[in-house]
Amino acid sequence: MNEELMKAQLKLVELNEWLMLIKSAELDHSYLTGDIEKVNHELEIILERFRP
Numbered sequence: 001m002n003e004e005l006m007k008a009q010l011k012l013v014e015l016n017e018w019l020m021l022i023k024s025a026e027l028d029h030s031y032l033t034g035d036i037e038k039v040n041h042e043l044e045i046i047l048e049r050f051r052p
């Protein structure tokens with residue numbers, strides 16, 4: 001599998017983990033906002049390389 005696609009998949013897993021934590025209310029929502037935005041940004045950069 002392409003290394004960039006593997007990186008994108010790992011970022012998706014990471015993002016889903018953060019979202020599960022938020023939904024379960026185990027952590028303060030505002031604490032995670034920056035982390036989620038960072039993961040989203042990194043994922044967009046990776047996926048942009050594959051857009052036509």
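Heads up, the sequence shown is in UniProt numbering, so the first residue is 1 and it goes up one at a time.
By construction, the Cβ of each residue, glycine as well, lies at the ideal position given by its N, Cα and C atoms.
Practice problem: Just the C-alpha distance for N16 and R51, rounded to the nearest angstrom, thanks. | Solution: Roughly 22 Å between the two C-alpha positions.
Quiz item: CB-CB under 7 Å to K7, same chain, minus the five flanking residues each way: which ones, in chain order?
Solution: If we look at K7 and ignore the five residues flanking it on each side, its Cβ neighbours are I46.
Quiz item: Closest by CA to V13, which one among E44, V39 and E4?
Solution: Residue V39 is the option with its Cα nearest to V13.
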